[in-house]
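Quick mapping for you: the protein sequence lines, in order, are chains L and B.
Heads up: the first sequence runs through residues 13 to 150, numbered per the working numbering.
Heads up: the second sequence runs through residues 9 to 111, numbered per the working numbering.
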Amino acid sequence: MSSTEIEIPPAFEHLAMVRSVLANALEAEGALKQERLQDLRLAVSEGTTNAIESHQAAGTDAPVRIGVAVEATQVTVSIADQGGGFDPAKLKPHPPVTDPERLQYERGLGITLMRTLADRCDIETGPTGTTVTLTMNR
Amino acid sequence: MRQHIQNVTIQNPAGLVLDLDRVDFIDSTGLGVLVGAAKRMRMAKGAFRIVNSQDFLDELFRLTRLNEVFDLYESLDQALAEVKAQIQASTAIENESQDRGGR
Numbered sequence: 013m014s015s016t017e018i019e020i021p022p023a024f025e026h027l028a029m030v031r032s033v034l035a036n037a038l039e040a041e042g043a044l045k046q047e048r049l050q051d052l053r054l055a056v057s058e059g060t061t062n063a064i065e066s067h068q069a070a071g072t073d074a075p076v077r078i079g080v081a082v083e084a085t086q087v088t089v090s091i092a093d094q095g096g097g098f099d100p101a102k103l104k105p106h107p108p109v110t111d112p113e114r115l116q117y118e119r120g121l122g123i124t125l126m127r128t129l130a131d132r133c134d135i136e137t138g139p140t141g142t143t144v145t146l147t148m149n150r
Numbered sequence: 009m010r011q012h013i014q015n016v017t018i019q020n021p022a023g024l025v026l027d028l029d030r031v032d033f034i035d036s037t038g039l040g041v042l043v044g045a046a047k048r049m050r051m052a053k054g055a056f057r058i059v060n061s062q063d064f065l066d067e068l069f070r071l072t073r074l075n076e077v078f079d080l081y082e083s084l085d086q087a088l089a090e091v092k093a094q095i096q097a098s099t100a101i102e103n104e105s106q107d108r109g110g111r
């Protein structure tokens, strides 16, 4: 069992570093199979992107915190921001792919992808920030 | 990538082929850029194709159902041939319509 925490300034240029640190740490430990590791890498990238956007929208320079914990049966990554939070229930679903209106939606796939790629995706959000916890079974 | 695609689509090209075979990572932001390109090409009535033969991208398009939105090809040659054919067909229709208008 191990745990690591990374703090990054709220800027998109740090996303590649987060993905790289995460992948290297979990690969070195043999924590997940390669395919699942790629899924987690993408899910973490989505969560970190949202966290950075949230800090930028709130005008805060506070760091975004990413915690990684490897346990016997699962790997957990938490992404914590101090932005203004959001209401997951108010997220507008995309129109069906057959609807020409679908092309009007260039954003909003991040949470869908996190929920699809991770075995579990928990979102705690409020006016003082949001924590996304992604869990992958080993 | 977003800026580059915007620079190209703003010129209203008759066709655009994006070859993703050397892309090693794409997230929802990148997918949004592709959706934006598809939208702008559709508005300009241009032909738009995406080339991809990588499994991870296939999976991502499938998960997001964007495989049903984009015209995906495994080969660049095939995509280019399709775009050229579509442009030729559109030009022929346009010419025919202009001929009729002149009579």
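Quick reminder that beta carbons are idealized off the backbone N, C-alpha and C, glycines included.
Note that the structure is predicted; figures quoted are calculated from it, not measured.
Distance check between B/V41 and each of L/T124, L/G120, L/M13, L/M126 places L/G120 closest, using alpha-carbon atoms only. Judged by their CB atoms, B/A46 and L/L125 are not nearer to each other than the 9 Å cut-off. In the three-state scheme derived from DSSP, where H, G and I count as helix and E and B as strand, B/I95 is classed as helix.
Around the CB of L/I64, 16 or more other CB atoms lie within 10 Å, so the residue is classed as buried.
Secondary structure note for L/T88: its beta strand (DSSP E) is the uninterrupted segment 86–93. A check of alpha carbon separations from B/R73 across B/N103, B/R108, B/S36 identifies B/S36 as the nearest. Ranked by how close their Cα comes to the Cα of L/Q50, the residues B/V43, B/M49, B/D32, B/A55 have B/D32 in first place. With 16 or more other Cβ atoms from the protein chains shown falling within 10 Å of its own Cβ, L/R53 counts as buried.
In this chain, the alpha helix (DSSP H) harbouring L/A63 covers 46–70. A residue is called buried when at least 16 other Cβ atoms come within 10 angstroms of its Cβ; B/A100 does not meet this threshold and is exposed. At a C-beta separation below 8 Å, L/T128 has these neighbours in chain B: L71. Between the alpha carbons of B/N15 and L/V76 lies a gap of roughly 32 Å. From the listed residues L/I123, L/L103, L/V82, L/D73, the smallest Cα separation to L/A23 is found for L/D73. Identification of chain B residues near L/E58 by a Cβ-Cβ cut-off of 8 Å yields D35, S36, ordered along the chain.
Among the residues of chain B, none has a CB under 9 Å from the CB of L/L44; the nearest is roughly 15 Å distant.
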